[in-house]
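Report on the structure given below.
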Amino acid sequence: MLQALSSIAALVVVATMVSGRAMPDGSWPTSKGTVKFDEVYTIKSGEVYDGKMKTYERSNITCKGQEESGTFTAVFTLEANATLKNAIIGVNQMEGVHCDDNDCTIQNVWWDDVCEDALSIKGGDASSVSRVLGGGARYADDKIVQHNGLGTVIIDGFFAQDFGKLYRSCGSCSNNPAQRFLNIRNVYADLEVIKAQRVDPNVSIVMMNENFGDEATLHNIRVKPGAENYTECSYSRGVQKGDKPLILGNGPKKPVCKYSMDEIHLVEGGAKQQQQTVGTVRPAADVKDDKDGKDDKEVSQQNK
């Protein structure tokens, strides 16, 4: 069954990937004004919402760090096959953008200061594809993209600055065991700490669940290291809601973390020019991995 889903995902990615986007240069867009919503704004199925590079936030909500909430504290929620483009998500919100029915497109969207997380992707089935094309996010204490649904996520041409994880396949969701796929390319990951209060010392660009058959493919990843250890791709033993995910390892390993070190390009001038030793497993602190329920801990295999 997992092999069949893997084949479906591969065909979907090939069919939907157009030419790759340009590598981000580390710059940030200038806002062209501010729009405040009293409630979450719903982008209907098939609709393309062009934010015209204005900043969008909530008039009645402020960030409360890693406190869990739901769609009602987001700025935008997208129905299936909806598109949000050319927008900056401001600081006054908790859940950023929600794609609760999967199959959405997020194009040139920038999160100025990530709160609980930037983008939540839910729902869908094995053939679902959600796309994050261009844009960027910064100052995430934990995750930028939280993938709770099924199917594939494509991230192409994205700038991630000062974060804990760029992408996390949910380790303890109520719909687990669930197989998820990621294709990430042309990404600039700046890991120097500026203001984020990272909740987990296991800093990684990607984290997957090996036992659920997750597959991540990484191409052309530019990394500016910070002072802390990090890994490009980390893999865990995913669990069902209420249990604790177990971190198994880090680094290239097929099929869960498919890439070679030739795909990773270090940027000179970082706080610490080092690459984590492949296979090293570090202890992890408390994290909230289940968007639907209570806090869970991810623990390291070496602590078991």
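For the sequence shown, the positions run -20 to -1, 1 to 284 when mature numbering (1 follows the signal peptide of the UniProt record, and there is no 0) is used. No residue lacks a Cβ here, since even glycine has one placed at the ideal position from N, Cα and C. This one's a predicted model, so the numbers in the text were calculated from it and none came from an experiment.
Considering just the uninterrupted stretch of the beta strand (DSSP E) at C150, what are its terminal residues? Counting along the chain, C150 falls outside any beta strand (DSSP E), and DSSP gives it neither H nor E.
Give the secondary structure of N230 by DSSP, where H, G and I count as helix, E and B as strand, and everything else as coil. strand
Span of the beta strand (DSSP E) around E212: 211 to 217
Considering only residues of the same chain and omitting the five flanking positions on each side of K123, which have a CB-CB separation below 7 Å? D97, G144, K145, R148
List the residues that DSSP assigns as beta-bridge partners of R1. R1 pairs with nothing; no bridge assigned.
For residue 304, which option in A67, K102, S110 has the closest C-alpha, if you only look at C-alpha atoms? The requested residue 304 does not occur in the structure, where the chain is confined to residues -20 to 284.
6 Å Cβ shell around V167 - same chain, five flanking residues per side excluded: F138, I201
N166 lies in the beta strand (DSSP E); which residues open and close that run? 160 to 170
If you follow the beta strand (DSSP E) that A196 is in, where does it begin and where does it stop? 195 to 204
Evaluate residue 299 with the Cβ neighbour count: other Cβ atoms within 10 Å of its Cβ, from every protein chain shown; 16 or more gives buried, anything less gives exposed. The requested residue 299 does not occur in the structure, where the chain is confined to residues -20 to 284.
Nearest CA to the CA of I174: which residue from T35, K234, T10, A140? A140
Taking 8 Å as the cut-off, decide whether the C-beta atoms of D80 and T53 are in contact. no
Close Cβ partners of H199 (< 6 Å) along its chain, the five nearest in sequence each way excluded: R165, E243
Within the same chain, show all residues whose beta-carbon is closer than 7 Å to that of Y119, passing over the 5 residues directly before and after it, in chain order. D93, V94, D142, I174, K175, A176
Between which two residues does the beta strand (DSSP E) harbouring S184 extend? 184 to 189
Leaving out the 5 sequence neighbours to the left and right, which residues in its chain are closer than 6 Å to V186 when beta-carbon positions are compared? Y147, A196, C213
Identify, in the order they occur along the chain, each residue of the same chain with its Cβ nearer than 8 Å to the Cβ of Q256, setting aside the five sequence neighbours on each side. With a pLDDT of only 44 at Q256, under the threshold of 50, the placement of this residue in the model should not be trusted, and no figure is reported.
D242 (DSSP reduced to helix, strand or coil): helix
Identify, in the order they occur along the chain, each residue of the same chain with its Cβ nearer than 6 Å to the Cβ of H78, setting aside the five sequence neighbours on each side. T51, A54, T57, S100
Short of 6 Å in beta carbon distance, which residues of its chain neighbour K102, apart from the five on each side in sequence? Order them along the chain. D80, N128, G129
Less than 8 Å between the C-beta atoms of K16 and S39, yes or no? yes
Euclidean distance between Cα positions of I86 and R111: 6 Å
If you scan the region 14 to 58 from start to end, which runs of the alpha helix (DSSP H) of 4 or more residues do you find wholly inside it? none
Residues in its own chain within less than 7 Å of K44 by CB, not counting five upstream and five downstream? M74
Could you tell me which of G76, M3, S152 sits nearest to S216, measuring between CA atoms? S152
Going straight from the alpha carbon of V219 to that of K12, what length do you get? 44 Å
Residue nearest to S7 in terms of C-alpha spacing, selected from N189, V236, W90, N182: W90
Please report the straight-line C-alpha distance between T59 and A207, rounded to a whole angstrom. Per the sequence shown, residue 59 should be read as Glu rather than Thr. E59 and A207: Cα-Cα distance of roughly 40 Å.
P157: buried (16+ other C-beta within 10 angstroms of its C-beta) or exposed? exposed
Where does F139 fall in DSSP's three states? strand
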